[in-house]
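So the structure is just underneath, and the comments pick up after that.
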């Protein structure tokens with residue numbers, strides 16, 4: 001019987017040297033191996049190990065309680081590994097789903113950014129043309145304003161000349177009136193001419209003032 005005891009001690013030593021999961025409760029040393037745990041989900045290596053342990057027990061010819069306790073402890077740890085593996089698988093599946101979702105979102109954002117880049121690239125010539133058109137309009141307005149300013153200056157010069165002529169005519173009329181009182185008819189005619197001229201000048205002044213106001217309003 002000594003070899004069987006050495007095999008049991010060796011198994012316990014190997015089991016103690018390996019990291020073990022925390023088992024909630026230690027199985028009864030007299031419980032059987034197979035009925036307590038379903039082997040259908042075990043790997044082939046685990047099934048082969050269980051068969052080897054059973055054959056060793058049968059060959060010993062006795063119920064080795066230490067071996068039984070050791071086997072039941074291993075099976076209890078295996079039973080805990082299954083839910084942990086399933087939980088890890090579910091966690092990995094959730095993480096994979098999140099990663100896939102993030103990848104889809106990033107792809108959608110990249111696609112949207114590329115679409116906007118294409119739209120901006122297509123709009124660039126239109127914006128350039130619009131900018132050039134506005135620049136031409138600004139230049140045209142500047143030229144138009146310069147032309148209007150020149151016209152205003154010209155009108156002001158005309159008004160100044162007309163005022164000088166009016167003053168000149170008034171001076172001449174006064175001189176002629178002082179020189180000869182006998183020329184009433186001629187003076188009357190000249191006075192009428194002066195009046196007509198003055199009225200024409202006033203008319204031109206009103207026209208120029210109206211054009212000036214129009215130019216100011218437009219500006």
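Numbering (UniProt numbering), first residue to last: 1 to 219. We put the CB at the ideal spot given by N, CA and C, even for glycine.
Is the CB-CB distance between residue i and residue j below 8 Å?
i: residue 198; j: residue 175; result: no
i: residue 162; j: residue 201; result: yes
i: residue 189; j: residue 173; result: no
i: residue 208; j: residue 138; result: no
Tell me whether residue i counts as near the ligand MN, meaning its Cβ is closer than 7 Å to at least one heavy atom of that ligand.
i: residue 130; result: As for the ligand MN, it is missing from this structure, which has no ligand bound.
Quick one: Cα of residue i to Cα of residue j, how far?
i: residue 148; j: residue 157; result: 14 Å
i: residue 119; j: residue 143; result: 36 Å
i: residue 87; j: residue 96; result: 14 Å
i: residue 49; j: residue 92; result: 29 Å
i: residue 204; j: residue 169; result: 17 Å
i: residue 153; j: residue 141; result: 18 Å
i: residue 212; j: residue 145; result: 13 Å
i: residue 259; j: residue 51; result: With the chain covering 1 to 219 only, the question about residue 259 has no answer from this structure.
i: residue 73; j: residue 79; result: 10 Å
i: residue 84; j: residue 108; result: 36 Å
i: residue 102; j: residue 127; result: 36 Å
i: residue 111; j: residue 117; result: 10 Å
i: residue 155; j: residue 121; result: 52 Å
i: residue 35; j: residue 98; result: A caution first: residue 35 carries a pLDDT of 39, below 50, which makes its placement in the model unreliable, though a value can still be read off. Computed Cα separation, rounded: 41 Å.
i: residue 82; j: residue 75; result: 11 Å
i: residue 222; j: residue 184; result: The structure shown does not extend to residue 222, since the chain is modelled only from 1 through 219, so no value can be given for it.
i: residue 54; j: residue 106; result: 56 Å
i: residue 100; j: residue 130; result: 44 Å
i: residue 206; j: residue 151; result: 15 Å
i: residue 47; j: residue 94; result: 31 Å
i: residue 223; j: residue 134; result: With the chain covering 1 to 219 only, the question about residue 223 has no answer from this structure.
i: residue 104; j: residue 124; result: 30 Å
Does residue i get closer than 8 Å to chain D when you measure Cβ to Cβ?
i: residue 155; result: Among the protein chains of the structure shown there is no chain D, as only one such chain exists.
What are the start and end residues of each continuous alpha helix (DSSP H) run of 4 or more residues lying completely inside the region 67 to 116, in chain order?
none
* Asked: Can you list, in chain order, the stretches of the beta strand (DSSP E) that have 3 or more residues and sit fully within the region 123 to 173?
  -> Listed in chain order, the beta strand (DSSP E) runs fully inside the region 123 to 173 amount to none, counting runs of at least 3 residues.
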